[in-house]
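*Asks:*
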Amino acid sequence: MSYVGIGWAVSAVLLALGWPLRARADVPAVVPGTPALPVVRFAPEADYGPFVYRDADGRIRGLSVDLLDQVARHAGVSMQTLPARPLAEILAGAQRGEVDLITSLRPTPERAAYLGFTRPYVQVDAIAVGRAGTPGPDLRDLSGRKVAVGAGYAVEHFVRQAYPQVVWQGVADDRVGLALLRAGQVDAAVADVASVHFIVTQQGWPALALGRPVGFSYPLSFAWRKDLPELGAALEAGLAALTPDERAVVLQRWLPAEALAVIDDRRLPLLAVGVAALLAGAVTVLLARRRRARQAQRS
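Numbering that gives the first Met the number 0 applies: residue 0 is where the sequence shown begins, and numbers increase by one.
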């Protein structure tokens, strides 16, 4: 095997780890000769700001939408945007084969039965929120107190198990929970920090008191119909081709500094060690094969 072959094997290891090989706008995100994808049906969620939502003028906007535009440009993916709907309807459409692409989704075992997921492109913490002018709440101190949480949200099951001493009140969505908090009908609310900032800004409310993280985070990914693996590969390639500047512009447009918890950089040194070990192993194996091939040719 040539050193070109070794290079391809090293690249495969990096891609398998989700490690971006390059992050330059001038590098194609898809391999030349790859068959073009059909037009991809993108199903936006109607009300999950700041990630994806329909604004007052009917436009689909949000962090995930802007990022998807960049990823699609790098990957050469053409999209048809479907009407905005609630997430439950979108997921049902994906199961029926009517939806190809969803943004802002947290992978779960149930969803993985019919959807594939890219690497997360942003991660936000769920926090406890209190009324303006009060200290930021800590769920550990709210025994017997009433706290709002989105009914059916991924975080609901977690907090009910982790904080059974709290009196939990399920609500339709984060906006309802925060409105109940402001009206004094609950003592605190749980929501992801980015959504809290977005809702408060949209409603023109005074700033609420941001408390401690509850121990649950939302790693958000692009999700693709599982029978379209070529779409998943294209999205991963587009993510890998994003430049740091492109990513930063989108994140800073939609999130304040305190609302953003990008995928934990503290894990990168450990990942780098793992990558180095895998690369060393891959190169060793390939060189050994090359030596054996040469010996066979001489004999």
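Just so it is clear, CB atoms sit at the ideal spot from N, CA and C, and this is done for glycine as well.
Quick caveat: nothing in here was measured; it's all calculated off a predicted structure.
1) Taking Gly210 as part of the beta strand (DSSP E), name the residues at either end of that continuous run.
2) Starting from Phe157, follow the alpha helix (DSSP H) in both directions and report where the run begins and ends.
3) Between Tyr113, Gly132, Ala125, Gly183, which has its C-alpha nearest Ala144's C-alpha?
4) Which whole-angstrom value is the C-beta distance of Arg105 and Ala153, which I expect to be below 8 Å?
5) Which same chain residues, not among the five before or five after Arg159, have their C-beta less than 6 Å away from its C-beta?
6) If contact is defined by three or more beta carbon pairs under 8 Å, each pair taking one atom from either stretch, is the stretch 204-213 in contact with the stretch 49-56?
7) Could you tell me the alpha carbon to alpha carbon distance between Ala178 and Ile59, rounded to whole angstroms?
8) DSSP state of Asp172, grouped into three classes?
9) Express the C-alpha separation of Leu100 and Gln79 in angstroms, rounding to a whole number.
10) In chain order, what residues of the same chain lie with their CB nearer than 7 Å to the CB of Ser103, ignoring the 5 residues before and after it?
11) Ala187 to Gly176, Cα distance in whole Å?
12) Could you spell out the range, first to last residue, of the beta strand (DSSP E) harbouring Gly149?
13) Kindly list the residues whose CB is nearer than 8 Å to the CB of Ala206, restricted to its own chain and excluding five residues on each side of it in sequence; keep chain order.
14) Quick one: is Glu97 buried, meaning 16 or more other Cβ sit within 10 Å of its Cβ, or exposed?
15) On the criterion of 16 or more Cβ atoms from any shown chain inside 10 Å, does Gln202 qualify as buried, or is it exposed?
16) Identify every run of the beta strand (DSSP E) within the stretch 101-128, keeping only runs that are complete inside it and at least 3 residues long; order them along the chain.
17) Tell me, to the nearest whole angstrom, how far the beta carbon of Thr117 is from that of Phe221; I am working on the premise that it is less than 8 Å.
18) Hey, out of Tyr162, Asp68, Val39, Thr133, whose CA is closest to Val248's CA?
19) Can you tell which of Arg246, Ala236, Trp223, Leu234 has its C-alpha closest to the C-alpha of Ile89?
20) Short of 8 Å in beta carbon distance, which residues of its chain neighbour Ser142, apart from the five on each side in sequence? Order them along the chain.
21) Helix, strand or coil: which one does DSSP assign to Phe197?
22) If you run the structure through DSSP and keep just helix, strand and coil, what is Trp167?
23) Out of Asp124, Arg181, Ala150, state which residue places its alpha-carbon closest to the alpha-carbon of Ala87.
24) What does the alpha-carbon distance come out to for the pair Ala240 and Ala71?
*Replies:* So, from the listed chains and residues:
1) Its beta strand (DSSP E) spans residues 208-224.
2) For Phe157, the enclosing alpha helix (DSSP H) has its first and last residue at 153-161.
3) Looking at the sequence shown, residue 144 is not Ala but Arg. Gly183 is the residue among Tyr113, Gly132, Ala125, Gly183 whose C-alpha sits nearest the C-alpha of Arg144.
4) Rounded to the nearest angstrom, the Cβ distance from Arg105 to Ala153 is 6 Å, consistent with a contact under 8 Å.
5) Hits under 6 Å: Trp167.
6) Touching, no.
7) Straight-line Cα distance between these residues: approximately 24 Å.
8) Three-state DSSP puts Asp172 in coil, outside helix and strand.
9) Each residue's Cα considered, the two are about 10 Å apart.
10) Glu44, Tyr47, Phe50, Val51, Ser63, Leu219.
11) Their backbone Cα atoms lie some 9 Å apart in a straight line.
12) Looking at the DSSP string, the run of the beta strand (DSSP E) that includes Gly149 is 145-149.
13) Ala131, Val199, listed in sequence order.
14) Counting the other CB atoms within 10 Å of its CB gives Glu97 a total below 16, which places it among the exposed residues.
15) Its Cβ having fewer than 16 others within 10 Å, Gln202 is exposed.
16) For the stretch 101-128, whole beta strand (DSSP E) runs of length 3 or above, ordered along the chain, are 114-116.
17) With a Cβ gap of about 5 Å, Thr117 and Phe221 count as contacting.
18) Just measuring C-alpha positions, the residue of Tyr162, Asp68, Val39, Thr133 sitting nearest Val248 is Asp68.
19) Closest option to Ile89, Cα to Cα, is Trp223.
20) Answer for Ser142: Gln164, Val165, listed in chain order.
21) It is helical.
22) Strand, per DSSP.
23) Taking the Cα of Ala87 as reference, the smallest distance to any Cα among Asp124, Arg181, Ala150 is reached at Ala150.
24) Computed Cα separation, rounded: 10 Å.
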